[in-house]
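Student: One structure coming up, written as structure tokens, with questions to follow.
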Amino acid sequence: MKQLLRLFLPLAGIALFQTTAIAQEADGCFMLDSAGQTIDLSTVCGLPKKNSAHASEFQAKIKRRESGIPVIDVTFNGQQKFEMLLDTGASQTTITTEMAQALGVVPIGTHKAQIANGDIVEFPIGQVASMSVGKAIVREPKVSITEGDPLLGQNFFEDYDVTIRRDVVEFQPR
1 MKQLLRLFLP LAGIALFQTT AIAQEADGCF MLDSAGQTID LSTVCGLPKK
51 NSAHASEFQA KIKRRESGIP VIDVTFNGQQ KFEMLLDTGA SQTTITTEMA
101 QALGVVPIGT HKAQIANGDI VEFPIGQVAS MSVGKAIVRE PKVSITEGDP
151 LLGQNFFEDY DVTIRRDVVE FQPR
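Under this note's numbering, the residue at position 81 of the sequence shown is numbered 81, and the numbers go up by one with no gaps.
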């Protein structure tokens, strides 16, 4: 009987005093202190430390979508703002001839590119002093000058991990 009680009591204790597990709401490695404050344990887990203030510096509000593609504001040369499609498939940023005129961009060469339908086309290229989205900035990038839609391409965000959310685009430095 004593042996049966020794086996039964621990099992009864487990059944009576269950603890529930709560799913982790935030990414990363952390724990909550007794006051419910988050303690970052990234260094203990071997992960890079996240800085939430730093992350918010690289957000761009999505103004609208065209065929599902986000349209965001891009500032050229620190002063002139234009709406552009964020095209993750475009290797090069393209601006319209009207944008090139407004920015004073002059062609310095040509660039061959394969467009979405598979055709190879040649565009004039120019250079701007800078392009920025929030605090994300690229200095002296080359841009293709086209008659099509203005596209923010890989030569802008190649050093960033880009996350497209419902209302914003996030740029995380790599």
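No residue lacks a Cβ here, since even glycine has one placed at the ideal position from N, Cα and C.
Values in this document were obtained by computation on a predicted structure and should not be read as measured data.
(1) Pick helix, strand or coil for Ala116, following the three-state DSSP scheme.
(2) In terms of DSSP beta bridges, what is Ala67 paired with?
(3) On the DSSP letters alone, give me the boundaries of the beta strand (DSSP E) that Phe82 sits inside.
(4) Is it the case that the Cβ atoms of Ser74 and Lys63 are separated by a distance below 8 Å?
(5) By DSSP, does Thr93 sit in helix, in strand, or in coil?
(6) Just checking my contact of Phe82 with Met99 at CB under 8 Å: how many whole Å lie between their CB atoms?
(7) State buried or exposed for Val162, treating a residue as buried only when at least 16 other CB atoms are found within 10 Å of its CB.
(8) Between Ile125 and Val143, how many whole angstroms is the CB-CB distance? I'm expecting something under 8 Å.
(9) How would you call Asp33, buried or exposed, if buried means at least 16 neighbouring beta carbons within 10 angstroms?
(10) Please state the DSSP three-state secondary structure of Ser42.
(11) Taking the Cβ atom as the reference point for each residue, do Lys135 and Phe76 lie within a distance shorter than 8 Å?
(12) Might you give, ordered along the chain, the residues of its own chain that have their beta carbon closer than 8 Å to the beta carbon of Gln127, omitting 5 neighbours on each side?
(13) Grab me the residues of Thr97's own chain with a C-beta within less than 7 Å of its C-beta, minus the 5 sequence neighbours each way, in chain order.
(14) Whose CA, out of Pro150, Met31 and Thr110, lies closest to the CA of Met131?
(15) Out of curiosity, what's the CA-to-CA distance linking Ile115 and Cys29?
(16) For Asp159, which residues in the same chain have their Cβ closer than 7 Å to its Cβ, ignoring the five residues on either side in sequence?
(17) From what residue to what residue does the alpha helix (DSSP H) around Gln154 run?
(18) Report the three-state DSSP secondary structure of Gln37 (helix, strand or coil).
Tutor: In terms of the structure at hand:
(1) DSSP, read as helix, strand or coil, puts Ala116 in coil.
(2) Ala is not the amino acid found at residue 67; the sequence shown has Ser there. Beta-bridge pairing by DSSP links Ser67 to no other residue.
(3) It spans Gln80 to Leu86 - the beta strand (DSSP E) in which Phe82 sits, taken as one unbroken run.
(4) The sequence shown places Val at residue 74, rather than the Ser named in the question. No; because the gap between Cβ atoms is not below 8 Å, this pair is not in contact.
(5) If DSSP states are grouped into helix, strand and coil, Thr93 belongs with coil.
(6) So it is a contact: roughly 6 Å between Cβ atoms.
(7) Of the residues assessed, Val162 falls on the buried side of the cut-off, its CB having 16 or more other CB atoms within 10 angstroms.
(8) Correct: roughly 7 Å between the Cβ atoms.
(9) Counting C-beta atoms within 10 angstroms of its own C-beta, Asp33 has fewer than 16 neighbours from the protein chains shown and is therefore classed as exposed.
(10) Three-state result, Ser42: helix.
(11) No, they are not a contact pair.
(12) Here Gln127 has Val105, Ile108, Glu140, Pro141, Lys142 and Val143 as same chain residues with Cβ atoms under 8 Å from its own Cβ, once five neighbours each way along the sequence are excluded.
(13) Around Thr97: Ile145 and Glu147.
(14) Of the listed residues, the one whose Cα sits closest to Met131 is Pro150.
(15) The C-alpha of Cys29 is placed about 42 Å away from the C-alpha of Ile115.
(16) Pro173 and Arg174, listed in sequence order.
(17) Its alpha helix (DSSP H) spans residues Gln154 to Phe157.
(18) Assignment of Gln37 by DSSP, reduced to helix, strand and coil, places it in the coil class.
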